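Asker: Residue numbers (my numbering), protein chains in the order written: chain A, 1 to 334; chain B, 1001 to 1176.
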Amino acid sequence: MSDLIKPELVCPAGTPASLRTAVDAGANSVYCGFKGPTNARNFPGLNFSKKELSESVKYAHDKDAMVLAAINSFPTAGRTDIWKQAVDDAVEIGVDAVIIADIGMAKYVAEQHPNQRLHLSVQAGASSPEAINFYVERFNVKRVVLPRILTVPEIKRVHDAIDCEIEAFVFGNIGMMAEGRCSLTNYVTGISTNMDGVCSPASHVDYEPDDDDGLTTRLGDFAIDCISCGETAGYPTICKGRYDTAHKKNYYAFEEPISLNLTRLLPDLMRAGVTALKIEGRQRSRAYIRSVVSAFRDAVDAYAAGDEPDITELIALTEGHKETQGAFKSKSWR
Amino acid sequence: MRDKHKRDQPRIFKDSQAGPVSKAMPLFAMQPILRRIVRHVATLHPELFERLEDSCRKHFLIDAKGMPFLLLLRPDPDNLMLVAKSRHEEIPYDVLVSGKFKTLLRMIDSKTDSDALFFNRDIMVTGDTEAIVALRNALDDMDATLADDVATAFGPLRGPVRASIDAATKIVGSRT
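(1) Along the alpha helix (DSSP H) that carries residue 59 of chain A, what are the first and last residues, could you check?
(2) Out of curiosity, what's the CA-to-CA distance linking residue 143 of chain A and residue 1080 of chain B?
(3) Along the region 78 to 93 of chain A, what residues have a CB closer than 9 angstroms to any CB found in chain B?
(4) I'd like the span of the alpha helix (DSSP H) that includes residue 942 of chain B, first residue to last.
(5) Consult DSSP for residue 154 of chain A and reduce its assignment to one of helix, strand or coil.
(6) Quick one: what's residue 103 of chain A bridged to in DSSP?
(7) Please report the distance separating the alpha-carbon of residue 82 of chain A from that of residue 38 of chain A.
(8) Please confirm if residue 1086 of chain B has its CB atom under 8 angstroms from at least one CB of chain A.
(9) Does DSSP put residue 270 of chain A in a helix, in a strand, or in coil?
(10) Please list the partners that residue 1055 of chain B has in chain A, where partner means a Cβ-to-Cβ separation under 7 angstroms.
(11) Identify every residue that forms a DSSP beta bridge with residue 204 of chain A.
(12) Would you kindly work out how many angstroms separate the C-alpha atoms of residue 49 of chain A and residue 34 of chain A, rounded to a whole number?
(13) Check whether chain B comes within 8 angstroms of residue 2 of chain A, counting only Cβ atoms and requiring the distance to be less than that.
(14) Assign residue 32 of chain A to one of three DSSP states: helix, strand, or coil.
(15) From residue 188 of chain A to residue 222 of chain A, what does the alpha carbon distance come to, in whole angstroms?
(16) Can you find the residues in the same chain that come closer than 8 angstroms, C-beta to C-beta, to residue 1088 of chain B, ignoring five residues on each side of it along the sequence?
(17) Mind checking if residue 1090 of chain B is an interface residue toward chain A, Cβ cutoff 8 angstroms exclusive?
(18) Less than 6 angstroms between C-beta atoms, sequence neighbours within five positions excluded: which residues of the same chain meet that for residue 130 of chain A?
(19) Between the C-alpha atoms of residue 272 of chain A and residue 329 of chain A, what's the straight-line distance to the nearest angstrom?
(20) When the distance is taken between beta carbons, is residue 284 of chain A closer than 8 angstroms to residue 1115 of chain B?
(21) Check whether the region 307 to 318 of chain A and the region 1051 to 1060 of chain B touch, using three or more Cβ-Cβ pairs below 8 angstroms as the test.
(22) Taking Cβ positions only, does residue 16 of chain A come closer than 8 angstroms to chain B?
(23) Just tell me which of A/127, A/200 and A/212 has its CA closest to the CA of residue 224 of chain A.
(24) For the putative contact between residue 126 of chain A and residue 278 of chain A, defined by C-beta atoms under 8 angstroms, what is the C-beta separation to the nearest angstrom?
(25) Beta-carbon separation of residue 241 of chain A and residue 173 of chain A under 8 angstroms?
(26) Since residue 1131 of chain B and residue 1101 of chain B are thought to touch, with beta carbons under 8 angstroms apart, how far apart are those beta carbons, to the nearest angstrom?
(27) Run down chain B in chain order and give the residues with a C-beta less than 7 angstroms from the C-beta of residue 232 of chain A.
(28) Decide if residue 28 of chain A is buried, meaning its Cβ has at least 16 other Cβ atoms within 10 Å, or exposed.
(29) So with Cβ pairs under 8 angstroms, would you call residue 1014 of chain B a contact of chain A?
(30) Since residue 1125 of chain B meets chain C, which of its residues come closer than 9 angstroms, beta carbon to beta carbon?
(31) Strictly below 7 angstroms CB to CB, what residues from chain A border residue 1052 of chain B?
(32) Beta carbons nearer than 7 angstroms to chain B: which residues of the region 272 to 289 of chain A have them?
(33) Give the straight-line distance between the Cα atoms of residue 1128 of chain B and residue 206 of chain A, rounded to the nearest whole angstrom.
(34) Could you work out which residue in A/111, A/77 and A/10 is closest to residue 87 of chain A when comparing CA atoms only?
(35) Within the same chain, show all residues whose beta-carbon is closer than 6 angstroms to that of residue 22 of chain A, passing over the 5 residues directly before and after it, in chain order.
(36) Taking just the CA atoms, how far does residue 1062 of chain B sit from residue 1091 of chain B?
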């Protein structure tokens, strides 16, 4: 046995079937959102109705798992009722926590539902003890999901200076933009990642094959990548496209298609005081959730038992078949 | 800004390399079976249509590489359609999904991750991306596998039908 405290494994679900899959695969908690713009994964065919979430919460609770409702996009003027309704519905259903990003919604939850456990979304971009403690003191936030910009030693220092739990992403999509502040999609499509809840909306994505088995990816009017035969593809996001610039041709001007994978850093994160390990991917399939959650369940249990887990299969599920430890390992990763 | 109207217009599928087997294929014999299958699946999973919303009226063309025909699906609860189409036809569609038969079947049955298949270029998607994302997510919310549902459409024959599907998957999968 090791001296590591086993953290909570927080897993994604975009549909009720995915939620059941995550619970059955060993998730301690599952995060999910309502249909519509109130959560940051507003994709067609994805997310939960009120009835579906209610049934899913019952399923999870029957198996001693928790459900966290992500209401983590930013309401715009004149539309706050949609977000307030989502909060009210989540509380009525009996979710174990509400995850919010908007400061107005934090105030709403704290005042209208003072007994509801409140988590601060990564979309809030709170990475300093001052910012985090502000939310803790004003709105009784119990947990912060940290932006993916801190090294493990920095996480430890934040942990020692705040009065709430830390949740850290350990696997999945990673962006180098400031979390909750990226406007690239908005610039190209007129639809906001942070206010409409969708980055690179599918309604604006086109894939055009050519005669040589190549593929051009377009977002709106812009070609954002040309993938030649045999090359792997990535998500159709502007930040992971290839561009010609004045000093370099056809290169990843922002970042490469790549996934965060912190399996090797899990013991360090546990020692740094991270309470919960988060897997990204509410937009991914049940097959992905089954594989990744199972792998992390085994990895966390193995590390806690003092064993070395087998993590080789996770690479097949990464974007572009590439993985990184991002800023968690070093600030010089880009 | 982008021309949404132009993008919404159906595309036309043409297979310039369609072989003689495709031409000789008696597709009329398959149509009532396909009709029975799609109606049965729709009855079992009405929640599919809620997730599809407006995308249910789109035409999804499924091109299983190596198969002598294509499948055209319109998952509209008011006007369901699943038909086999000859590779010698010009076929209007909104979304084209192509890949190996076994890969497509495993994806539909949620045995493998469609994003990973796309990253790895094992499947290709062209046309209305919003519609195919909606269909993928709707199918992914089904607990049962499509192979099971297809088999149960045949009532007392479900056992032999299921065995036939498994056998066909192995045979076609090994060839493509």
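We treat Cβ as the ideally placed atom computed from N, Cα and C, and that holds for glycine.
Keep in mind it's a predicted model, so treat the numbers as computed, not measured.
Answerer: A quick look at the data gives this:
(1) 50 to 62
(2) 47 angstroms
(3) none
(4) Not covered by the structure: residue 942 of chain B. The range shown for chain B is 1001 to 1176.
(5) helix
(6) Note: residue 103 of chain A sits in no beta bridge, so no partner.
(7) 7 angstroms
(8) no
(9) helix
(10) 44
(11) Partner(s): none; residue 204 of chain A has no beta bridge.
(12) 6 angstroms
(13) no
(14) strand
(15) 8 angstroms
(16) 1015, 1018, 1022 and 1023
(17) no
(18) none
(19) 13 angstroms
(20) yes
(21) no
(22) yes
(23) A/200
(24) Wrong, their Cβ atoms sit about 15 angstroms apart, outside the cutoff.
(25) no
(26) The pair is not a contact, with the Cβ atoms about 22 angstroms apart (cut-off 8 angstroms).
(27) 1119, 1120 and 1121
(28) buried
(29) no
(30) Absent from the structure is chain C; the protein chains it does hold are A and B.
(31) 45
(32) 284, 285, 286, 287 and 288
(33) 7 angstroms
(34) A/111
(35) 11, 13, 30, 289 and 293
(36) 11 angstroms
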